[in-house]
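Order-wise, the sequence lines are chains G and E. Reading the first sequence from the start, the letters are residues 4 to 291 in our numbering. Reading the second sequence from the start, the letters are residues 173 to 457 in our numbering.
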Amino acid sequence: MIAIEQLRYVRLGTRDLPAAVDFAQRILGLQLIDRTEDTARFRSDFRDHTLVYVNGDPAEQAVAFEVRTPEVLERAVTALKQAGYRVTRGDADGAAARRVKTYASFTDNSGNTIELVVRPLNSGWRYFPARDAGVTGLEAVALRNRADGADEALWTTLFNGRVSDWVGDAAYIRFDRAHHRLALHPSQRAGVFAVEYAVESVNQLMQSHYFLQAAQVRVVHGPGRRPTSNQMFLTFAGPDGVLYSYVAEGDAIDETSHRPRQFPFRPLSFCAWGSESELPEFAAGADR
Amino acid sequence: MIELKDVSYVRLGTRDLEGATHFATDYLGLEISERVKGAVYFKSDQKEHTLCYFEGDPKDQAAAFEIDRREDLDAAAAQLEALGHAVRFGTPEEADARKVRAFIAFKDPSGNPIELVWRPAFSGRRYHGTRDAGITGFSHIGLCTTDAARDETFWTTVCNARVSDRIGDAPLLRIDEVHHSIAMFPSKTPGIQHINHQVESGDDVMRSFRFLSERQVPMVFGPGRHPTSSAKFLYFEGPDGMVFEYSSGVRSIADELLYRERQLPFEPKGFCEWGAKPEIAEFRK
């Protein structure tokens, strides 16, 4: 069992880096900390960065999780190989570019690239964004996955993930006291479905709701409240088909007493306030 | 000094009593407490009724406040008449129709019909809404004012209201610990501007936003949050153009001595700290 310490960053390829940078700064409200010709890094909290846009194919995406030591990474590589996953060890250049001590990457059953990183850089300088969206940090990542449950099994047996709740076959997986850090949505294809940033409170979430409307950003779901995590959410479209969410509140999980609950695959299981989405992942078209 | 103790009810005339009843129950979520010929009474809290729709002119409206003692009615009548307001004592039949023991009717300086009532009926049966809107009770009214400064003087010197905050020249007035029971809206004509019901939580405000939007109820403001009272709100339009509000989390002013009213700008930011833009005539300059 490999222990995941925390979610670290999401790396996304884009064909239009200036537009992605503009979105991340002006709309999403992250802090641009490093910009080269083909890379832009963004800070959202105590982590050096939680979002990276890279010039390239939008299908080139990766989600990084931290493991504690090189020994744990070594065990993870071995375990993944034994289970038949294709694992690539990171080299020194790759580690420097990721601002981590060492790392390895593998592809899950659906085709999503996952990076396991050791000693990723934190920042002593606090996050100071251009737009006051009230972001407090990277909260979770939602991935599109195959519907066969293979990736749920990967995260809950090879790694220390626990299922907090299911909506249909979509699984919310936690690694700490937060309801989930990883959401797996059965889908026709692989890829990063949504990157979720926590904001201070309902006020910042709703302020962003009106801000995004004024900025003509397409809101695809919400504002709403998830009956699963009890988080308020607002989900909107970012560049290259990747969604972003602001989330607020939500219930922490008590490991001793929590039992995962099964919710029906219906819009009301994704939003208790009744907001509907056109996305099939959120049960578009199903009965309320 | 006329000591207003509580808001009691609102009476609204309508040409379509069935339509108004449908809205009040199926959309707003009130409970019918009684149907009589030409009128329907609605319940929203422990009172016997807090809203009455009756067959008549939609311009025929009244807002009622409770006073403590029977003799307060006579004293209020004398004081109002001395100030030049025409005061009418209700007949026993009219008092029955309002479910009160006695009342007087007059118009405030803008011309809004106000009733002062003695011993309004409470009910032993608790409110159970037609739909689960989470309503906890009728809470305040918005009143149009043709001269905000003049009307503020009337409500705060002739009556016992205190200014909790001002948006432009329009005061929000309290008569007890609730941030406001009367919200004044500058307007060219008198009338009840909106009717507020409190709901249990912000979740109820948002659920109703979805519920009512799906049913094509015109949203006129929100969902939002008032910087003045800190309440989360939603304004929408009901029959005869009347605006109804749900809100949750209105602040309570416990310390009369320490509290100081604040001045907010008469612009969208003064009405909503989330950035909602009002579609209400009185909110526009």
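Ideal placement from N, C-alpha and C gives every residue a C-beta, glycine not left out.
is_contact[residue i, chain G] using C-beta, thresh 7 Å
{"i": "E/Trp446", "result": "yes"}
{"i": "E/Arg346", "result": "no"}
{"i": "E/Arg387", "result": "no"}
{"i": "E/Arg434", "result": "no"}
{"i": "E/Arg382", "result": "yes"}
Chain E contact for residue i (CB, 7 Å cutoff)
{"i": "G/Gly277", "result": "yes"}
Nearest-angstrom beta carbon gap, residue j and residue i [assumed within contact, 8 Å]
{"i": "G/Val138", "j": "G/Val202", "result": "6 Å"}
{"i": "E/Ala196", "j": "E/Leu202", "result": "5 Å"}
{"i": "E/Arg397", "j": "E/Trp446", "result": "5 Å"}
{"i": "E/Ala229", "j": "E/Gly185", "result": "Contrary to the premise, residue 229 of chain E reads as Asp rather than Ala in this sequence. Right, their Cβ atoms sit about 5 Å apart."}
{"i": "E/Ala277", "j": "E/Gly262", "result": "6 Å"}
{"i": "G/Ala174", "j": "G/Ser108", "result": "At roughly 22 Å, the Cβ-Cβ gap does not stay under 8 Å, so G/Ala174 and G/Ser108 are not in contact."}
{"i": "E/Tyr418", "j": "E/Val389", "result": "That belief does not hold up - the Cβ atoms of E/Tyr418 and E/Val389 are roughly 12 Å apart, past 8 Å."}
{"i": "E/Gly376", "j": "E/Ala305", "result": "Rather than Gly, the amino acid found at residue 376 of chain E in this sequence is Asp. Indeed, because the Cβ distance is near 6 Å, the residues count as touching under 8 Å."}
{"i": "E/Ile364", "j": "E/Ile313", "result": "6 Å"}
{"i": "G/Leu10", "j": "G/Leu141", "result": "6 Å"}
{"i": "G/Asp154", "j": "G/Asn148", "result": "5 Å"}
{"i": "E/Ile366", "j": "E/Val422", "result": "Strictly speaking, residue 366 of chain E in this sequence is His, with Ile absent from that position. In fact, because the Cβ distance is near 14 Å, the residues do not count as touching under 8 Å."}
{"i": "G/Leu35", "j": "G/Ser47", "result": "Not a contact, Cβ separation roughly 11 Å."}
{"i": "E/Cys138", "j": "E/Phe357", "result": "Absent from the structure is residue 138 of chain E, since the part of chain E shown begins at 173 and ends at 457."}
{"i": "E/Phe393", "j": "E/Ile452", "result": "6 Å"}
{"i": "E/Ser463", "j": "E/Gly374", "result": "Lying before the first or after the last residue shown, residue 463 of chain E is absent from chain E, which here runs from 173 to 457."}
{"i": "G/Ala57", "j": "G/Arg14", "result": "Note that residue 57 of chain G is Val in the sequence shown here, rather than Ala. Yes, G/Val57 and G/Arg14 are in contact; Cβ-Cβ is about 6 Å, under 8 Å."}
{"i": "E/Ser424", "j": "E/Pro362", "result": "At roughly 29 Å, the Cβ-Cβ gap does not stay under 8 Å, so E/Ser424 and E/Pro362 are not in contact."}
{"i": "G/Phe273", "j": "G/Val170", "result": "6 Å"}
{"i": "E/Ser385", "j": "E/Met391", "result": "6 Å"}
- Item | Meets three-Cβ-pair contact criterion under 8 Å: the segment 176 to 188 of chain E and the segment 236 to 250 of chain G | Touching, no.
- Query: the segment 205 to 235 of chain G: which residues have C-beta closer than 8 Å to a C-beta of chain E, in chain order?
  - Reply: Val205, Asn206, Met209, Gln210, His212, Tyr213, Phe214, Ala217, Pro226, Gly227 and Arg228
- Item | Residues of the segment 399 to 424 of chain E with Cβ closer than 9 Å to any Cβ of chain G, in chain order | Result list: Lys404.
- Scan the segment 222 to 277 of chain G and note each continuous alpha helix (DSSP H) run of 4 residues or more that stays entirely inside, going in chain order. 270 to 273
- Query: Between the segment 348 to 379 of chain E and chain G, which residues of the former have a C-beta closer than 7 Å to a C-beta of the latter?
  - Reply: Gly374, Asp375, Met378 and Arg379
- Message: I'd like to know if the segment 44 to 53 of chain G and the segment 112 to 125 of chain G are in contact, where contact means that at least 3 CB-CB pairs between them fall below 8 Å.
- Response: yes
- Query: Between the segment 4 to 17 of chain G and the segment 70 to 81 of chain G, are three or more C-beta pairs nearer than 8 Å?
  - Reply: yes
- Message: Below 8 Å, how does it come out for the segment 323 to 338 of chain E and the segment 420 to 439 of chain E: are there three or more Cβ pairs, yes or no?
- Response: yes
- Query: Quick one: complete alpha helix (DSSP H) runs, 4+ long, within the segment 120 to 185 of chain G?
  - Reply: 153 to 156
- Could I get the ranges of all uninterrupted beta strand (DSSP E) runs contained in the segment 283 to 341 of chain E, with 3 residues as the minimum, in chain order? Listed in chain order, the complete beta strand (DSSP E) runs (minimum 3 residues) inside the segment 283 to 341 of chain E are 285 to 290, 307 to 317 and 334 to 339.
- Please determine if the segment 249 to 269 of chain G and the segment 309 to 328 of chain E are in contact, where contact requires at least 3 C-beta pairs separated by less than 8 Å. The answer is no - the segment 309 to 328 of chain E does not touch the segment 249 to 269 of chain G, with fewer than three Cβ pairs under 8 Å.
- Query: Counting only runs that start and end within the segment 175 to 215 of chain E, where is the alpha helix (DSSP H) found for 4 or more residues in a row?
  - Reply: 189 to 194
- Report yes or no: do the segment 39 to 46 of chain G and the segment 79 to 95 of chain G share at least 3 C-beta pairs separated by less than 8 Å? Counting Cβ pairs under 8 Å, fewer than three are found: no touch.
- Quick check: the segment 278 to 288 of chain G against the segment 222 to 234 of chain G, are there 3 or more CB pairs under 8 Å? yes
- Item | contact_flag[the segment 191 to 206 of chain G, the segment 245 to 253 of chain G] where n(CB pairs < 8 Å) is 3 or more | Using a Cβ-Cβ distance cut-off of 8 Å, the segment 191 to 206 of chain G and the segment 245 to 253 of chain G are in contact, since at least three pairs of beta carbons, one from each stretch, lie closer than that value.
- Message: Taking contact to mean 3 or more Cβ pairs, one atom from each stretch, closer than 8 Å, check whether the segment 181 to 193 of chain G and the segment 211 to 221 of chain G are in contact.
- Response: no
- Pairing CB atoms from the segment 293 to 309 of chain E with CB atoms from the segment 214 to 221 of chain E, are three or more of them under 8 Å? Cβ pair count under 8 Å is three or more, so yes.
- Which runs of the alpha helix (DSSP H) spanning at least 4 residues fall entirely within the segment 205 to 265 of chain E, listed in chain order? 242 to 254
- Item | Inside the segment 42 to 79 of chain G only - alpha helix (DSSP H) runs reaching at least 4 residues | Counting only runs of at least 4 residues, the segment 42 to 79 of chain G fully encloses no alpha helix (DSSP H) element at all.
- Item | Contact list for the segment 288 to 320 of chain E against chain G, Cβ threshold 9 Å | Nothing from the segment 288 to 320 of chain E brings a Cβ to less than 9 Å from some Cβ of chain G.
- Query: Quick check: the segment 263 to 274 of chain E against the segment 283 to 291 of chain E, are there 3 or more CB pairs under 8 Å?
  - Reply: yes
- Query: Which whole runs of the beta strand (DSSP E) in the segment 338 to 402 of chain E are 3 residues long or more, in chain order?
  - Reply: Note on the segment 338 to 402 of chain E: whole beta strand (DSSP E) runs with a minimum of 3 residues are 342 to 346, 354 to 358, 364 to 371 and 391 to 397, in chain order.
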